[in-house]
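Worksheet: one structure, shown below.
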Amino acid sequence: MINVLYLDDEAHNLTAFRAAFRRDFQVHVTTEPTEAVRILRDQPIEVIISDQKMPKLSGVEFFELIMPDYPDPVRMLLTGHADIDAVIDAINKGQIYKYISKPWNEVELKGLVQEAADLFHHRRTMASEGAQLMDRMSEARVHAARIHRMTEVNASLTEEQTGEIARMSSEIIRLLG
Amino acid sequence: MSSRIGKHRVRFLLWVFFMAGWFGADAQQFLGSRMEAMNAEAGQSLIGVERVAVSEDWALLEAAVPNLGLDDEVKWVRLTLDPRSESGQLIEIQNAGIDELTGFMVCDGKVVASYERGVIDQHNWDESLGTYPTFPIPLVECNELVALFRMKSAKPILLPVRIAGPREVLRDSHQRDVLFAAYFGVILVMLLYNLFLFFSVGDRSYLEYSLFILMIGGTQFVLNGYGSFFQVDAFPWLNLRITHFFGVFSGLTTIVFVQNFLRLSRYVPWLHKLLNFYFVVYLVAFVLAAAGQLIWSYNLINFCAVAIFFFIPGAIITMRKGYSPAKYFLLAFTVFILAVLVFVLKDAGIIPYNQWTFFALPLGSAIEMVLLSLALASRITQLKKESAVAREEQLRISQLNERMVREQNTVLEERVRDRTADLEEMNSTMRSTLEELQTAQQQLVQSEKLASIGQLTAGIAHELNNPINFVSSSAQSLRRDFQDMNSVVDSVKSLNPESEDLSASVVAIKQQLAQLDIEFTQKEIDELLKGIEDGTTRTSEIVKGLRIFSRMDGDNFIQAQLNELIESTLIILRSNLKDSAVVQCDLAADLPPVTCQPGRLNQVFMNIVTNAAQAMEGLGRDAEENVVMVKTSRVESIGQSWAEVRIKDCGVGMSETVKSQIFDPFFTTKQVGEGTGLGLSIVTGILSDHNAEVEVESEEGVGTEFIIRFPL
C-alpha cells in the first residue's frame with residue numbers, strides 16, 4: 001500500500017480524503033505542519049499532498065521546509081484556486097510533481113497519487129541500480145588494472161597467465177553488461 | 178493792419194522828436210568862460226568869504242558849462258559881474274542837484290547878499306524863480322561886483338550858468354515845465370496804460386515795465402529839480418539820497434524788465450548772468466547810499482550804467498534767433514542810448530550845452546518808453562502767436578496721439594482677438610484634456626473596482642471550493658461506505674432465522690463487519706455527514722454574504738444594517754485574510770439601520786480591512802497575532818446620533834506626512850504595481866456621499882485606527 005501524507009488546515013477535507021482513499025492507500029492526514037513532519041519521520045511516506053493556503057505557513061513553504069531532510073517523497077500541491085505566484089513558487093522552490101486544484105476529481109487524484117508513487121519507486125530503483133552499476137564498474141576497473149600490470153611486467157606470457165587474462169577479460173565483459 | 182498802425186506810430190514819434198528839437202532850438206549863452214574856480218585846498222585855508230573873494234588862487238574855467246567833478250570837497254567858484262549892465266538881473270545855475278550851494282554877492286570886498294540854494298536847503302528857495310537855483314544880482318553901486326559860490330555835492334557838479342532877466346528865466350522855466358509836463362504826461366500815460374494792461378492781461382512783464390517806467394520817470398523828476406513837488410525836502414535823509422535811490426531802482430527795474438522781455442535766460446544766457454551781476458552791484462550801490470557813502474554809490478551807479486550798452490548786442494542776438502519783439506526793443510534802446518550819449522557828451526563839454534542837448538535825455542527816454550510799449554505789445558502778439566502755435570502743436574500732438582491710440586487700439590483689439598482665440602483653443606485643449614483625465618479617472622476607478630472584484634472572486638472561489646471539495650468528495654466516500662454497509666445489510670437481510678446454520682451466518686456477518694472495519698466506517702459516515710452539513714451551511718453562508726455584499730442595487734440609498742454589511746465583507750475576505758490576519762468583531766446589536774448604498778459601503782469596509790491586514794504583514798508574526806478589531810457602536814456627538822465603525826489594526830502605523838496624504842488619489846506606500854493608490858480616495862468619495870465623517874488615528878509602530886461615523 002502506498003503511504004500518502006495529506007496536510008490541510010480544513011479538517012473536513014482530511015476526512016473526505018481519508019474516506020475516499022483509505023481503501024487504496026495508507027493515508028496519513030493532519031492539520032498541523034509539525035505533526036506532518038513527525039509522520040514523515042515515523043512513516044515511509046512516498047507521496048506528500050499539501051494545501052497551499054494555510055494560516056501558519058503555505059504549502060510551498062512547508063515543502064521548502066522539509067526538502068533538505070526528506071527529499072525523496074514526491075510532492076503535490078492542492079489549492080482552492082489558481083494563483084500564478086503560488087504555481088511559480090511551487091515549481092521553483094517546492095520542486096513539486098503535480099499541481100491539483102480543488103475540488104479534486106477522485107479518480108484523477110487517485111491516478112496521480114499512483115503515478116507519484118511509481119515515480120518514487122522508479123527513482124529508488126534507478127538509484128539502487130545505479131549503485132550496483134557503479135560497483136561493477138569499479139570491479140571491472142580492478143580487473144583491467146591487473147591485466148595491464150601483467151602485460152607490462154612480462155613481455156612473454158606463460159600459458160597460465162594468458163588463460164588468466166582471458167578469464168578476467170570475460171569477467172569484465174560480464175560486469176559491463 | 179498792425180504794420181500800418183506801426184508806421185503811423187513811427188511817424189508820430191518823428192513828429193514829437195521834431196517838436197522837441199524846435200522847442201530846444203533857442204540856444205542859450207552859458208558863462209563858463211567868465212567863471213573862475215579855486216582849488217579846494219586853497220579854499221580850505223581861507224577864512225571868511227571876503228578873503229576868498231580877493232584871493233589870488235583863482236583859475237579861469239574854460240568850458241562854457243564847466244564840470245567840477247565828483248568828490249566830497251567844498252568848491253568855490255567866482256563870477257565877476259559887470260555892476261552896470263548886470264545889476265538887477267538873475268544868475269541862474271541850471272542844476273537842481275547840488276547838495277550844498279551858497280551864493281554870495283561881494284561888492285568891493287564886502288558881502289552884500291547871500292543865498293542858500295542847495296538841495297538840503299530847498300525850503301529856502303521859495304523866492305527862487307523856476308526849478309533851478311537863481312541868485313538876484315543886487316542893485317548896488319560898486320567898482321567891483323563879484324558873485325561867489327560855495328558848493329559841495331555827492332553828485333557831479335555841472336555848472337550851466339547864465340545871467341538873465343527874471344522875465345526870461347521865468348519864461349524858460351515855464352517852457353521847461355511844459356516840456357517836462359508833457360514828458361511826465363507821457364510817463365504817466367504809459368504807466369497807467371501798462372498797469373491797466375497788467376491787471377487786465379495778467380502778464381508779469383507789464384508790471385515790470387510799469388515799474389521800469391515809474392523809476393525812469395522818477396529819476397528824471399528828481400534830476401530836474403521837481404523833487405520838491407513831492408515835498409521830499411521834508412525828509413532830509415531821503416532828500417540827500419533820492420537821486421541815488423532812483424538811479425539804483427531804475428537800474429534794477431531795467432535789468433529785470435530787459436531780462437524777461439528779451440528772454441535772456443533762454444536766448445543769451447551769458448548776458449542774463451552778466452545782468453544778474455549788475456543787479457547785485459546795484460544792490461551794493463543801494464546799501465552804500467543808505468550807509469552815507471554817496472560818492473561811492475554814485476560811482477557804482479555810473480559804472481552799472483555801462484550795462485545798457487550790452488542790451489544792444491543782446492537784442493541783436495535775440496532778434497537773430499527769431500524773436501521779433503526784439504526789433505522794437507533794439508530801436509527803443511538805440512534811441513535811448515543815443516540820448517544818453519548826447520547827455521554825456523554835453524556834460525563832457527564835447528557838444529554844446531543847450532535846451533536841445535539838455536532835453537535829449539527825457540525826450541530819448543520818452544521815445545524809448547513808447548517804443549518799448551510797442552515792443553511789449555509785439556511781444557504779447559508774439560506770445561499769443563507762440564501760444565497759438567503751441568496750441569496748434571498741442572492739437573496736432575493730441576490728434577497724433579488720438580490716431581496712435583486708435584491704431585494701438587486696433588492693434589490691441591487684434592491682439593485681444595488673437596489672445597482670445599489662443600485662449601479658446603487652449604480652453605478646448607484643456608477641456609479635452611480634462612475629459613481625457615475624467616475618462617482615465619473613471620477607468621481607474623473602474624479598474625480599482627475590477628481589482629476588488631477580482632480579489633473578491635478569488636476569495637470567494639477559494640472559500641467556495643473548500644466546502645464544495647469536501648462535500649462532493651464526502652458524498653462519493655459516503656456512497657462507498659454505504660455500499661459496504663449495504664453489503665452487510667444484504668447479508669443480514671439474507672439471514673434466515675429458521676436456518677440451522679444461523680450462528681455460522683452470524684459469524685460470517687461478524688467476519689464481514691470486521692473485515693469492513695464497520696465501526697470505523699460508522700464513525701466515518703458520521704464525520705462525512707457532519708462535513709457535508711458544515712459545507713452546506715458554509716456555502717449557503719457565503720452565498721448569502723455574497724448576495725449582501727454584491728447587491729447591485731448598491732448605488733441606491735436604502736436602509737441597511739451596518740453589521741450585516743460588515744459581516745458579509747468579512748466572509749468574503751476570510752480566505753484572503755486567513756494566512757495573514759484574524760478579525761475580531763464587536764458589533765453592537767442595537768445599531769439602527771443606516772441609509773446607505775450597501776454595495777459601495779462594502780467596498781469601503783473591504784478596502785479598509787484589507788489595508789489593515791496588509792499593514793500587519795511582514796512583521797514576522799503569526800496570523801493569530803495580527804488582529805483586526807472591527808467595532809460598531811452608537812455614539813452621541815455634536816448633538817446628533819451616529820453609527821460608528823472603528824477598524825483598528827496593530828500594524829506598522831503611519832507618519833504624519835503619510836497620514837496627511839492617504840486620501841490623495843494615486844498616493845500609495847505599496848510597491849509599484851501592487852496598488853493603484855486609488856482605494857482610499859474612492860473610499861473618501863463614497864463616505865462623503867454618505868455625509869459620513871472619517872477620522873484616522875495612527876502611530877508608527879503601534880497601529881492605525883479608522884473611525885467612520887454615519888449620521889443616523
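Chains A and B, in that order, give the protein sequences. The opening residue of the first sequence carries number 1 in the working numbering; numbering runs sequentially from there. The opening residue of the second sequence carries number 178 in the working numbering; numbering runs sequentially from there. Just so it is clear, CB atoms sit at the ideal spot from N, CA and C, and this is done for glycine as well.
Delimiting residues of the alpha helix (DSSP H) encompassing residue i
i: B/N740; result: L739 to K755
i: B/S442; result: L441 to Y444
i: B/L857; result: G856 to D866
Distance, residue j Cα to residue i Cα
i: A/P33; j: B/T716; result: 27 Å
i: B/A204; j: B/T534; result: At B/A204 the pLDDT is 46, less than 50, meaning the model places this residue with poor confidence; the figure from the coordinates comes in the next sentence. When rounded, the distance between both Cα atoms is 10 Å.
i: B/Q780; j: A/A116; result: 44 Å
i: B/I557; j: B/L374; result: 11 Å
i: B/W253; j: B/P413; result: 24 Å
i: A/D8; j: B/N646; result: 12 Å
i: B/D767; j: B/R886; result: 16 Å
i: A/P21; j: B/E701; result: Pro is not the amino acid found at residue 21 of chain A; the sequence shown has Phe there. Answer to the nearest angstrom: the Cα atoms are 13 Å apart.
i: B/L267; j: B/Y309; result: 11 Å
i: B/T420; j: B/E263; result: 34 Å
i: B/S837; j: B/F844; result: 10 Å
i: B/N663; j: B/D694; result: 14 Å
i: B/E710; j: B/S651; result: 11 Å
i: B/A800; j: A/M67; result: 24 Å
i: B/M783; j: A/E106; result: 36 Å
i: A/L5; j: B/E640; result: 23 Å
i: B/E277; j: B/L560; result: 51 Å
i: B/R327; j: B/K504; result: 48 Å
i: A/M217; j: A/E64; result: Any question about residue 217 of chain A goes unanswered here, given that chain A covers just 1 to 177.
i: B/F200; j: B/N479; result: Reliability of the predicted coordinates at B/F200 is poor, the pLDDT of 45 falling under 50, and the value obtained from them is presented with this limitation in mind. Rounded to the nearest angstrom, the two C-alpha atoms are 29 Å apart.
i: B/V902; j: B/S474; result: Residue 902 of chain B lies beyond the range of chain B shown here (178 to 889); nothing can be said about it.
i: A/Q161; j: A/M137; result: 23 Å
i: A/L178; j: A/T15; result: Nothing can be reported for residue 178 of chain A: it is not among the residues displayed for chain A, which extend from 1 to 177.
i: B/A202; j: B/Q532; result: Reliability of the predicted coordinates at B/A202 is poor, the pLDDT of 42 falling under 50, and no value is obtained from them.
i: A/R174; j: A/S128; result: 19 Å
i: B/A820; j: A/A86; result: 41 Å
i: B/N803; j: B/V648; result: 31 Å
Span of the beta strand (DSSP E), counted from its first residue to its last, around residue i
i: B/G225; result: Segment: none, B/G225 is in no beta strand (DSSP E) and carries neither H nor E.
i: B/Q817; result: Q817 to K825
i: B/P888; result: G880 to P888
i: B/L761; result: The sequence given here places Gln at residue 761 of chain B; Leu does not occur at that position. Taken as a continuous stretch (DSSP letters only), the beta strand (DSSP E) holding B/Q761 covers V759 to L764.
i: B/K808; result: V804 to S814
i: B/S875; result: E870 to E876
i: A/L5; result: I2 to L7
i: B/M215; result: M212 to M215
Contact test: residue i Cβ vs the ligand SAH heavy atom, cutoff 7 Å
i: B/I859; result: This structure lacks the ligand SAH, and indeed carries no ligand of any kind.
Taking 8 Å as the threshold, find out whether the stretch 651-662 of chain B comes into contact with the stretch 701-709 of chain B through three or more Cβ pairs. yes
Against chain A: residues of the stretch 795-819 of chain B by CB proximity under 7 Å: D799 and A800
Which whole runs of the beta strand (DSSP E) in the stretch 387-470 of chain B are 3 residues long or more, in chain order? none
Decide yes or no for the touch test of the stretch 541-561 of chain B against the stretch 506-514 of chain B: beta carbon pairs closer than 8 Å, at least 3 of them. yes
Residues within the stretch 776-796 of chain B neighbouring chain A, beta-carbon criterion of under 9 Å: none
Could you tell me which whole beta strand (DSSP E) segments of length 3 or greater appear in the stretch 69-128 of chain A? 74-79 and 98-101
Could you pull out every unbroken alpha helix (DSSP H) segment of at least 4 residues lying fully inside the stretch 258-325 of chain B, listed in chain order? 260-263
Can you confirm whether the stretch 108-124 of chain A touches the stretch 65-85 of chain A when touching is taken to mean that 3 or more C-beta pairs between the two stretches lie within less than 8 Å? yes
Is the stretch 760-776 of chain B touching the stretch 804-819 of chain B, taking contact as three or more C-beta pairs under 8 Å? yes
May I ask you to list, following chain order, the residues of the stretch 631-650 of chain B that have a beta carbon less than 7 Å from some beta carbon of chain A? A635, A638, H639, N642, N643, I645, N646, F647, S649 and S650
Does the stretch 287-296 of chain B touch the stretch 312-325 of chain B, meaning 3 or more C-beta pairs lie closer than 8 Å? yes
Positions along the stretch 20-50 of chain A whose CB lies within less than 8 Å of some CB in chain B: A20 and R23
Taking any Cβ of chain A, which residues in the stretch 673-704 of chain B have a Cβ under 8 Å from it, in chain order? E701 and E704
Is the stretch 363-372 of chain B in contact with the stretch 332-339 of chain B, if contact means three or more CB pairs nearer than 8 Å? no
Are the stretch 570-577 of chain B and the stretch 529-545 of chain B in contact at 8 Å, needing three or more beta carbon pairs? no
Cβ-based contacts, 7 Å cut-off: residues of the stretch 704-725 of chain B near chain A: E704, L705, G708, D711 and G712
Decide yes or no for the touch test of the stretch 443-455 of chain B against the stretch 479-490 of chain B: beta carbon pairs closer than 8 Å, at least 3 of them. yes
Mind the definition here: the stretch 340-355 of chain B touches the stretch 385-395 of chain B only if three or more C-beta pairs lie below 8 Å; say whether that holds. no
For the stretch 746-762 of chain B, which residues have a CB atom closer than 9 Å to at least one CB atom of chain A, in sequence order? S752, K755, D756, S757 and V759
Indicate whether the contact test is met: 3 or more Cβ pairs, each with one atom in the stretch 513-523 of chain B and one in the stretch 225-236 of chain B, closer than 8 Å. no
Kindly provide the ranges of any alpha helix (DSSP H) runs that are 4 or more residues long and lie completely inside the stretch 662-707 of chain B, ordered along the chain. 679-693
What are the residues of the stretch 658-669 of chain B that lie near chain A, defined by any Cβ-Cβ distance shorter than 8 Å? D658
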